[in-house]
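Engineer: Heads up, the sequence shown is in the numbering used here, so the first residue is -9 and it goes up one at a time.
The C-beta atom is built at its ideal place from N, Cα and C for all residues, glycine as well.
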Amino acid sequence: MHEGGPAMKVSAWRRWRRGSPLLPFLLLAGLATEAQAQVECTTANSDGSYTVPGDWALKPSGLASGASFRLLFVTSTTRNADTAGIATYNTFVQDRAKAGHSAISDSCGDLFKVVGSSGAVHAYDNTATTGTGMPIYWLNGAKAADNYGDFYDGSWDSISARDESGNSLSSVNRVWTGSSDSGARTAGFLGRANQHISYGLLSQNRPLFFGATDRSNTYPFYGLSPVFTVGPSGPPTVTLSLSGTSTTVEGSPTSINVNLSSAVASSCRVKVGARRADGTLWTTIAVIPAGAKSGRATVTHNDDDIWHRGGYYDMPVWVASQTEGCRYNIGAGSGESDTTYSIRVKDNDQISVSFSGPANVDSEEFSRNQPTTVIFSPDPGRDNLPVLNFRVSGTATEGEDYAFASTVTRNGDVYTSSGTNNLGQRVIDLDFIDDDVDEGTETIILTLEPGADYVVAGEENQRTLEILDDEAPTTIYTLSLEASPLSADEGDPNRDRLVTFAITPAPTISHIVNFTACFTGTASRNVDYQIADISNSVTHIVLNSSDITGQPGCRRVTVYPGASSGSFKVRVSRDGDFEADETVAITLKPSSSTDWTDTPGAFAVSATAGSVELVIVNDDDDPSLPAIFFDPRYRSRAENVGTVNWEIFSSRDLVSALTVTYRLSGTATCGTDYTITGADCTAGTGAFTFPANTTARTPVLFPITVIDDDISDNGETIIVTLTDTRTDGYGLPPGFIKTFTLTLYDDTGSAAISVSGTPRVGAPMTINWDSDDPDGNGSGDPFYFWQFRATSSDRWNDYEARQRGCGQRATTCRPTHSEGNPTVGGYFRGLVSYTDGNGLGTTVYSNNAIGPFTAAGPGIVLPATDVTLREGRTASYNLKLATDPGAGATVRVSITSGDTGAVTVNDTQSGVNGTQNYLDFSGGSGGSWNTHQAVTVRGVQDADTTNEADVLTHAVSVQAGSSAPYTGLADVTLNVDVTDDDTLPPPTTPVVSIGVSPSSMTEGETATFTLTASPAPTQNITVVINMTEGVRFTGVARLTRFIDTSGTRSFTVAMYDDNRNEASGPVTATVGTGTGYVP
């Protein structure tokens, strides 16, 4: 067997050929196992062979593990040799192989090849039998050849042929090969046209070539297997190997390869065990598929809090037991006591060290012990403490001002402490030494150094001990620090905090004095806050703009001569991170570089005001918590409404009940004007509980009961604001509505409306305003809506009305229909939404409904709404016939304006002389009756400032053929609203108008136009006259004439006499825009 390489899949017996004499026996005895297993040729070894078990039914006797061989058979069926190409003959022997012996699976049968040659391939190439090769055996029989050379030497070692089922063949004569003895193709290769085909005669031990015969004859073929390699016998051995690196990290999975020494016949489940650092046992299952040699088990070391010296733990892994599905021997490393395999687990529980408690400050007078405590986190245990390293600096001198205890040793610049206290913590023990030198306060700075088994934590890596001189100075100058307020909300726009220095008394020195300000705390500088606006005058106490080298987080504070104060700001950053409140601790310390040689006194840090701590209050909510919010819509209600059910939501599903709190405000009084369940009216607060199993973003009713009284208190408000403490199990993030306002109004009634018209396709329906609201109709425009329902049991629906052409804000509607919106049996009603005179939002429904809605009758289909346009501009609308007038009929729709001074109808037939105002529609299949045609109307430009309304009348007549439905139809009207574009002129600006006499004439005559200015101008004005739609009669497009202080001016225009026969037309003169007047 090829260790480590791919394996042949082995599966249980699965197939018996129809008619096999062994079938009755098997049905009685039960299916065979292992010894009668099939092989699966799914994955080849690196040399291209396929591994079979040592006890495989077709393995030739005497072959040891690792030996290779091939199997040969003669097909039990025959065929001719008249097809070109080798593929046909390969398929033939493969089909026989798959239908043959039960130990040959389909995947292996598909790899058999015909021992034959075609015009494109030799037999030795087709079967890959070049080179030395290996023995070839008859399938379930004797050896045919020792190797490939022996196979192609003209005769075989045995001619006791076997068929694909391993059955012995008593006599085999001719076998198709198309080949010579050497396996090369002959002139009679398989499938060659007009040629006799070569064959072998096995009975004469001339297996590959004996002669040639007609290709239409039917003979069998030889089939040759792929290369098989014998695997070991008996159960496989399980071994372990790691997939990937040999290390992992606590809490992370790693994959273990569970390897077998040979492939298994059926699926295996192997239990793998591992002992974790906390003593717990981890077990898992590796599944090894049938025919495979390996599977994977996932081993995970839990993320514990146990610290390991050296930073790792070697976790033993072993094969625990066999569970099911196969037999195997457990090899080395089996069982926990014999394990030889381990995974190195990297410990993520890094020990960190930091100083504990305040720095020691004491007088040298008492010469007492000064222990400084260092704590380890997490606690490694009293008996597992690492040795502590530290460095020493400061103004005090070792041996003169202080001395270390015997538990402290020195190696160059690094000190080591092995001292402990009764809590199992390291301590650095030293004694102050009393002397007679007047030297002021001296410092001993202890700085922690990283060790092999720990790291140094954050900014708590340094302690400064102060030795107070007992030879008192004459004057002590004290530096203090102050900030107010001591907290800042991230979301507060005024979140800068001013920090001030002060020194008392003001020092009378001729040089600068330095202190140190160290910034610590849980907040990160330049992330959670910045230092800004530092006072930088030499007359102030100044904070340096950069950290002191070797002292991260600490800056120098410089006291300039004569300075008594200074300041800087802590500027809090706004972020979107949910986090705990953070702190900024600022601590003053004496500086070791201060030169006090000519200072009349000593400098010190205030004992009570030497540090401040600012709290940065987080304003971000936990994103994992549900966000609670109200319906964002503004609401107003009448005082007699009773109970208002507001809607409150959760952004996430709630498995358990959740109580949220709120605050009450507004001008209405809780308990007098309204009540809310759960509200404490005295405290102005309340609580509301969501029920368990509330679905995300599903409204939950928040009821408010409004108390109706007789007091005139119109416009009172109820304001409810959600509150939280960030520990209540929910959040109120930005962007969600946490406050709603309910406005209450006194209400004495509402307006009344009704609907009228014919509920038929194309027929007009109107919403009528029948009576006003007793509280006033308000100053805003009402909103009109149509609603529809198909049956009396259906709900009224805006959308269904819009689907039938009746949209919002339309007082008049001409309904339409389509296949998707049936027209029979439905009803329409109207509603109006407005704000009454008290400011109360009001919705009223029509006191009637009209129906049933029916299909269109004969007539014309006009727009559902009025046509609107601006003065001097055009607008178009479409119309068509409602029904087919019939084949051969032509129906004309004539359009007439009711007020041509307000609206004119444009020429509807541009290709016809004259101005037409009609449209023709043809009937029948392919007619234009169902096709919209456009009508364009123009708002007449005038000088007044009044909006105008016109009614277009549509008369229907039959122009050709006959159509009884369209004979005698009533006229249909359409409203046109014209918006004026003029503004009222100031009283002193003349308004100019124009008139004409006579109003009609023939070509060659003269018309007199008169301009009138009101009031008369105080000086001459020049007026522009535009001659539109009449240039072909006058030849003039634009004129200018002046009006003097009399206020009038007349002029004449002659009409062309062009001797052409043409349609009559208008000549329109309008006053154009100019200076000193308005049209």
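Pick helix, strand or coil for Q793, following the three-state DSSP scheme.
Structural biologist: helix
Engineer: DSSP state of A87, grouped into three classes?
Structural biologist: helix
Engineer: Please list, in chain order, all residues of the same chain as A522 whose beta carbon is under 6 Å from its beta carbon, the five residues on each side excluded.
Structural biologist: K559 and R561
Engineer: Go ahead and pull the three-state DSSP assignment for P955.
Structural biologist: Reduced to three states, the DSSP call for P955 is helix.
Engineer: For G668, which residues from the same chain have a beta carbon less than 8 Å from its beta carbon, with the 5 sequence-adjacent residues on both sides left out?
Structural biologist: Spatial neighbours of G668 in its own chain (CB-CB distance under 8 Å, excluding positions within 5 residues in sequence) are listed in chain order as G676, A677, F678 and T679.
Engineer: Please classify I475: is it buried, with 16 or more other beta-carbons within 10 angstroms of its beta-carbon, or exposed?
Structural biologist: Contrary to the premise, residue 475 reads as Pro rather than Ile in this sequence. Classification of P475: exposed, given that the 10 Å Cβ count is below 16.
Engineer: Using the C-alpha atoms, what's the distance from A34 back to D443?
Structural biologist: 51 Å
Engineer: Can you look up G1064 in the DSSP assignment and give me helix, strand or coil?
Structural biologist: coil
Engineer: I believe A617 touches G721 by the beta-carbon criterion, under 8 Å. Please report the beta-carbon distance rounded to the nearest angstrom.
Structural biologist: Cβ-Cβ separation between A617 and G721: approximately 5 Å, consistent with a contact (criterion under 8 Å).
Engineer: Keeping to the same chain, check which residues put their C-beta closer than 7 Å to that of N350; ignore five residues upstream and five downstream.
Structural biologist: Cβ within range, chain order: Q360, T362 and L455.
Engineer: Would you call the region 164 to 179 and the region 133 to 149 in contact, with 3 or more CB pairs under 8 Å?
Structural biologist: Under the Cβ criterion (8 Å, minimum of three pairs), the region 164 to 179 counts as touching the region 133 to 149.
Engineer: Out of N534, Q541 and E390, state which residue places its alpha-carbon closest to the alpha-carbon of T548.
Structural biologist: Its Cα nearest to that of T548, the residue N534 stands out among N534, Q541 and E390.
Engineer: Smallest Cα separation from L198: which of G281, V64 and F102?
Structural biologist: V64
Engineer: Where are the beta strand (DSSP E) runs, 3 residues long or more, that stay fully inside the region 628 to 715, in chain order?
Structural biologist: 633 to 640, 648 to 655, 675 to 680, 690 to 696 and 706 to 713
Engineer: What's the C-alpha gap between D339 and S284?
Structural biologist: 34 Å
Engineer: With a CB to CB cut of under 6 Å and the five nearest residues on each side skipped, what residues in its chain are close to G878?
Structural biologist: Same-chain partners within the cutoff: G951.
Engineer: Per the contact definition of three or more C-beta pairs closer than 8 Å, is the region 860 to 876 in contact with the region 769 to 777?
Structural biologist: The region 769 to 777 vs the region 860 to 876: no contact.
Engineer: Enumerate in chain order the residues of its own chain whose CB-to-CB distance from T120 is below 8 Å, with the five nearest sequence positions on each side excluded.
Structural biologist: Y114 and Y138
Engineer: Figure out for me which residue from D419, T992, V968 and I984 has the closest Cα to the Cα of L1029.
Structural biologist: When only C-alpha atoms are compared, the closest one is I984.
Engineer: If you run the structure through DSSP and keep just helix, strand and coil, what is W586?
Structural biologist: Here the model assigns W586 a pLDDT of 42, short of 50, so the residue's position is not dependable and the matter cannot be decided.
Engineer: Within 10 Å of its beta-carbon, does P483 have 16 or more other beta-carbons around it, so buried, or fewer, so exposed?
Structural biologist: exposed
Engineer: Quick one: measure Cβ to Cβ for G633 and I694, integer angstroms, because I've assumed they're closer than 8 Å.
Structural biologist: The sequence shown places Thr at residue 633, rather than the Gly named in the question. Indeed they touch by this definition, with Cβ atoms about 7 Å apart.
Engineer: Rounded to the nearest angstrom, what separates A74 and S206 at their Cα positions?
Structural biologist: 13 Å
Engineer: Where are the beta strand (DSSP E) runs, 3 residues long or more, that stay fully inside the region 500 to 572, in chain order?
Structural biologist: 503 to 510, 519 to 522, 531 to 538, 541 to 549 and 555 to 562
Engineer: Compute the Euclidean distance between the alpha carbons of T587 and D419, then round it to the nearest angstrom.
Structural biologist: Confidence is the limiting factor: at T587 the pLDDT is only 40, short of 50, which leaves the residue's position unreliable, though a coordinate-based value still follows. Straight-line Cα distance between these residues: approximately 31 Å.
Engineer: If contact is defined by three or more beta carbon pairs under 8 Å, each pair taking one atom from either stretch, is the region 30 to 44 in contact with the region 174 to 192?
Structural biologist: no
Engineer: Let me check understanding here. Comparing Cα to Cα, which of V893, N828, I840 and A846 lies closest to L859?
Structural biologist: The shortest Cα separation from L859 among V893, N828, I840 and A846 belongs to V893.
Engineer: Quick test of the definition: if touching needs 3 or more C-beta pairs under 8 Å, does the region 592 to 608 touch the region 636 to 652?
Structural biologist: Touching, no.
Engineer: Tell me which residues share the same chain as Y1067 and place their Cβ nearer than 6 Å to its Cβ, disregarding the 5 neighbours each side in the sequence.
Structural biologist: P980, V982 and I1011
Engineer: Check whether the Cβ atoms of G156 and L129 lie closer than 8 Å to each other.
Structural biologist: yes
Engineer: Can the beta-carbon of Y79 be found less than 8 Å from the beta-carbon of V111?
Structural biologist: No, the pair does not count as a contact, with Cβ atoms beyond the cut-off.
Engineer: Taking only three categories from DSSP, how would you classify Q194?
Structural biologist: helix
Engineer: Taking 8 Å as the cut-off, decide whether the C-beta atoms of R334 and L378 are in contact.
Structural biologist: Result no, Cβ atoms of R334 and L378 do not sit closer than 8 Å.
Engineer: Determine whether the beta carbon atoms of F619 and I709 lie at a separation below 8 Å.
Structural biologist: No.
Engineer: Give me whichever residues DSSP pairs with Q452 in a beta bridge.
Structural biologist: According to DSSP, which records beta bridges pairwise, Q452 is partnered with T437.
Engineer: If I measure Cβ to Cβ from M(-2) and keep anything under 7 Å in the same chain, skipping five residues before and after, which residues do I get?
Structural biologist: Reliability of the predicted coordinates at M(-2) is poor, the pLDDT of 41 falling under 50, and the value obtained from them is presented with this limitation in mind. Once the five neighbours on either side are set aside, the close Cβ partners of M(-2) are V29, E30, C31, Y40, T41, V42, A253 and G281.
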